[in-house]
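Let me begin by presenting the structure, written as structure tokens, before commenting on it.
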Amino acid sequence: MKIKQISLFLENKSGRLARVTRVLGGHNINIRALSIADTTDFGILRLIVNEPDLAYRVLKEAGFTVSATEVIAVEVADEPGGLARVLAVLEEAGLNIEYLYAFVQKTPRAALVVFRVEQLDEAIAALQAKGVRILKEEEVYSL
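No gaps in the numbering here: position 10 of the sequence shown is 224 in my numbering, and each next residue is one more.
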């Protein structure tokens, strides 16, 4: 149920993101989802890729500051209130969300939301108890 997310610390300079994508593309690594949080001087690039272990290794070898983090990918109904229902489950369980980002699937009509939660195992249990679908690694990596 947990998936690996690759995070990179990037200087906020022209071409840094392009270099990351060239390194990944050059190793046939496909980006499934991404998020960037930035400041004036630097940014944190978070990636879900089809080959996270390989991505970690090749980015490290290319000189990037890289880390791997466990996150969960949750299927959320692509309709008004869909995300609110999932967030209510985590709120009810008293779980704090550190960050999240989302992308929409074409079929079924659902969004996938990537969550980083303080207590990942507790979040998985709470969501599953309420019938929320959490995707497996293989499902996410193969999208």
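Glycine included, every Cβ here is placed at the ideal spot set by N, Cα and C.
- With 16 or more other CB atoms across the displayed protein chains lying within 10 angstroms of its CB, TYR270 is buried.
- Per DSSP, LYS274 is one residue of the alpha helix (DSSP H) stretching across 266 to 275.
- With contacts defined by Cβ atoms closer than 8 Å, ARG260 and LEU248 form a contacting pair.
- Two segments are said to touch when three or more pairs of C-beta atoms, one from each, lie closer than 8 Å; by this definition the stretch 218 to 232 touches the stretch 261 to 268.
- Close CB contacts of VAL331 within its chain, under the 6 Å cut and outside five residues either way in sequence, are with LEU309, ILE311 and ALA337 (chain order).
- For the pair THR254 and LEU224, the Cα-to-Cα distance works out to about 11 Å.
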